[in-house]
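Novice:
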Amino acid sequence: MSHDGSILRWPERRRMHHDGGGIAVWLAIALCLWLGGGVIAVTAVTDLGVAVARARGAADAAALAGMASSPLAGGSGSPQLAAAEAAVANAATLIAAEEDGWPLRYAVTVSVRPRTALVVVVTGPVQAKAVAAVRPPVP
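Taking the numbering used here, the leading residue of the sequence shown gets 500, the next gets one more, and so forth.
#1: Specify, as a first and last residue, the run of the alpha helix (DSSP H) that residue 553 falls within.
#2: Measuring only between beta-carbons, confirm whether residue 557 sits less than 8 Å from chain B.
#3: Let me check one thing: in DSSP terms, what residues is residue 626 bridge-paired to?
#4: Could you tell me whether the Cβ atoms of residue 557 and residue 607 are closer together than 8 Å?
#5: Relative to the C-alpha of residue 632, which residue among 621, 613, 563 is closest?
#6: From the DSSP output, in three-state form, read off residue 584 for me.
#7: Closest to residue 570 by CA distance: which of 599, 522, 521 is it?
#8: Assess contact between the stretch 540-558 and the stretch 621-631, defined as three or more Cβ pairs (one per stretch) separated by less than 8 Å. Is contact present?
#9: I'd like to know whether the C-beta atoms of residue 611 and residue 539 end up nearer to each other than 8 Å.
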């Protein structure tokens with residue numbers, strides 16, 4: 500009761516609409532999926548970079564080995580065999596060799612298995628091809 504004798508009434512409560520945080524949960528799930536996809540993409544790009552770097556290194560090694568063995572450069576062996584052995588030593592495969600004149604050109608391919616199983620499922624093995632050419636220095 501109030502001071503004047505009337506009955507006090509509580510103000511009417513308004514019902515507030517509330518979703519129980521459902522939107523926040525869905526946003527958090529979407530953010531996690533988006534970030535997870537980003538991690539997979541970065542890992543795949545990194546694996547591709549590794550494959551390309553390995554292919555370039557293997558092509559350079561094959562070209563140098565081929566030049567060192569070439570009769571054109573004073574070598575006494577088979578340039579293609581030496582290039583193929585250098586490629587295999589670098590976990591690559593020699594796919595082409597041009598040895599008819601200068602420069603000698605060798606192409607190799609490398610297959611790299613991605614580091615994470617999820618990237619393997621998405622992309623499979625990463626293939627890279629590189630070509631290197633060498634010419635002996637002019638005295």
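Built from N, CA and C at the ideal position, the CB exists for glycine as well.
If you're wondering where the values come from, they're calculated on a predicted model, not measured in any experiment.
Specialist: This is what the structure holds:
#1: Run containing residue 553: 521-568, per the alpha helix (DSSP H) assignment.
#2: Absent here is chain B; the protein component of the structure consists of one chain.
#3: Beta-bridge pairing links residue 626 to 610.
#4: Contact: yes.
#5: Nearest Cα to residue 632 within the set 621, 613, 563: 563.
#6: Correct three-state label for residue 584: helix.
#7: For the set 599, 522, 521, the Cα lying nearest the Cα of residue 570 is the one of 599.
#8: The way I'd put it, the stretch 540-558 does touch the stretch 621-631; three or more beta-carbon pairs between them come closer than 8 Å.
#9: No, these two residues do not count as a Cβ contact at 8 Å.
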